[in-house]
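Asks: Residue numbering for the sequence shown follows our numbering, starting at 127 and increasing by one per position. By construction, the Cβ of each residue, glycine as well, lies at the ideal position given by its N, Cα and C atoms. What follows is a single structure, and I will ask about it in a moment.
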Amino acid sequence: MFKAIIATTILATTASAFAAGAADSAVIKDNEPIITLAMDQSTWSYVAAAQKGMSKVREFHDMGVAGVQQLDYVVNCTNGKLALASFKVLTAMTPDIGKATEPAIGAVSFYQPVIQHDKNIVDNVCGSRMAAATAATLN
């Protein structure tokens, strides 16, 4: 089941890559270079650079037979704020994967993180470790 969900996710991101430009989209597109942010048995995430000092983050949380949660965030490292851009539950039987409207960066609402999970996202993306990895990837 887990492999089917991953395959469906890959197909969905490929299909939706042509729907909007990567530059203004608040979610990571298939053709964008990414860096792995975190990975363990049931959770993984990656990050891509966005416009004007912002970064886009995609997290996956395995829920077993219920599917996989996919969360997309935009992080503004200049002010330490975060925006939830998209939330989906991916299952092998979901027929409309990739058909949902994806917001532009200008259309999402940023907030100051309060819960530890959100603070960790901002810290991981905006921290010196990620900046060094991004510089190494771009050079």
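Run the CB neighbour count on Lys-155, radius 10 Å, all protein chains shown included, and call it buried at 16 or more, exposed below.
Replies: As a working note, residue 155 is residue 29 in the sequence shown. Classification for Lys-155: buried.
Asks: Identify whether Val-231 lies in helix, strand or coil by the three-state DSSP scheme.
Replies: Against the sequence shown, residue 231 aligns to sequence position 105. Note that residue 231 is Ile in the sequence shown, not Val. If DSSP states are grouped into helix, strand and coil, Ile-231 belongs with the helices.
Asks: Specify, as a first and last residue, the run of the beta strand (DSSP E) that Asp-198 falls within.
Replies: Position 72 of the sequence shown, counting from 1, holds the residue named residue 198. Start and end: 194-202.
Asks: Using alpha carbons as the reference points, say which of Val-240, Met-219, Thr-217 and His-187 lies closest to Ala-209.
Replies: Here residue 209 corresponds to residue number 83 of the sequence shown, with the count starting at 1. With distances taken between Cα atoms, Ala-209 lies closest to Val-240.
Asks: With a cut-off of 8 Å on the beta carbons, I'd call Ile-231 and Ala-152 a contact; round off their distance for me.
Replies: To locate residue 231, count along the sequence shown from 1; it is residue 105. To locate residue 152, count along the sequence shown from 1; it is residue 26. Contact flag correct, Cβ pair sits at about 5 Å.
Asks: In terms of residues, what are the limits of the beta strand (DSSP E) holding Asp-188?
Replies: As a first step, residue 188 is located in the sequence shown; it is residue number 62 there, counting from the start. Per DSSP, Asp-188 belongs to the beta strand (DSSP E) from 180-188.
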